[in-house]
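Sequential numbering from 1 applies to the sequence shown in UniProt numbering. All C-beta atoms in this analysis are idealised placements derived from N, C-alpha and C, irrespective of residue type, glycine included.
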Amino acid sequence: MAISYLTRAAIESDYEFLFELKKTTEKQAIANVFGWDESIQWQIHKQEWKQAKPLIIQIDGEDVGSVLIEQRDSEIYLGRFFILPHIQGRGLGGTIIQDVIKMSQKAQLPISLLYLQGNRVGQLYRRYGFVVTSETDQFVYMQRPVA
């Protein structure tokens, strides 16, 4: 059964929540690949915030995650997909991915994403038909073709 969630646009008051969310969910993976430097991470967060604001994922009115979904000319980009640890493992990530797959099918565009080497999220993406298109020392790039 799909878990029920809502999304809303991120607003200025979400800025610190989103940094803490990324820190809570990605700090170890970032540290393993790049080393963790809080000031550098704040700079990256500021750049990402200016570039595009993600959606805030909510369950029962509680902010539990974020996701950035961008429909581009040749793809749908899925990024900044973070879910608080106490919510992980309940099917929320899979439900959101299924919803993005529906968008992909409707738009007839593949879905592209990337994640840090060593992050276990790759297993989730593979379950939903994503395949590795390339890898670097830092990142794994995946795509899910249009079904």
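Would you list the one or two residues that DSSP bridges to G65?
-> As a first step, residue 65 is located in the sequence shown; it is residue number 65 there, counting from the start. Answer is I57 and I83, bridged to G65.
Provide the residue span of the alpha helix (DSSP H) that contains T136, from first to last.
-> Locating residue 136 in the sequence shown gives position 136, counting from the first residue. Taken as a continuous stretch (DSSP letters only), T136 belongs to no alpha helix (DSSP H), as it is neither H nor E.
So who's on the other strand from L78, going by DSSP bridges?
-> By one-based count along the sequence shown, residue 78 stands at place 78. BP columns for L78 point to I69.
State whether the stretch 6-23 contacts the stretch 59-69, with contact taken as three or more CB pairs (one from each stretch) at a distance under 8 Å.
-> The stretch 6-23, when compared against the stretch 59-69, does touch it at the 8 Å Cβ threshold.
Roughly how far, in whole angstroms, is the beta-carbon of V146 from the beta-carbon of S112, given that I think they are within contact range, below 8 Å?
-> Position 146 of the sequence shown, counted from the first residue, corresponds to residue 146. Position 112 of the sequence shown, counted from the first residue, corresponds to residue 112. The C-beta distance from V146 to S112 rounds to 12 Å, too long to fall under 8 Å, and the pair is not in contact.
How do the stretch 77-96 and the stretch 31-41 stand: do at least 3 beta-carbon pairs fall below 8 Å, yes or no?
-> Judged by Cβ distances under 8 Å, the stretch 77-96 makes no contact with the stretch 31-41, as fewer than three pairs qualify.
How about the stretch 119-128 and the stretch 136-145: do they share at least three Cβ pairs that are nearer than 8 Å?
-> Yes, the stretch 119-128 is in contact with the stretch 136-145.
May I have the straight-line CA-CA distance separating T25 from K106, to the nearest angstrom?
-> To locate residue 25, count along the sequence shown from 1; it is residue 25. To locate residue 106, count along the sequence shown from 1; it is residue 106. For T25 and K106, the distance between alpha carbons rounds to 31 Å.
Out of L84, G129 and V121, point me to the one whose CA is closest to K23's CA.
-> In the sequence shown, the residue the question calls residue 23 occupies position 23. Closest by alpha carbon: L84.
Residues near I56 by beta carbon distance below 7 Å, same chain, minus five either side = Residue numbering aside, residue 56 sits at position 56 when the sequence shown is read from its first letter. The residues are T7, R8, A10, D14, D63 and S66.
Take F139 and list the residues in its own chain whose beta-carbon comes closer than 6 Å to its own, dropping the five residues that flank it on each side.
-> For the purposes of this step, residue 139 is taken as the residue at position 139 of the sequence shown. Excluding sequence neighbours, F139 sits near L114.
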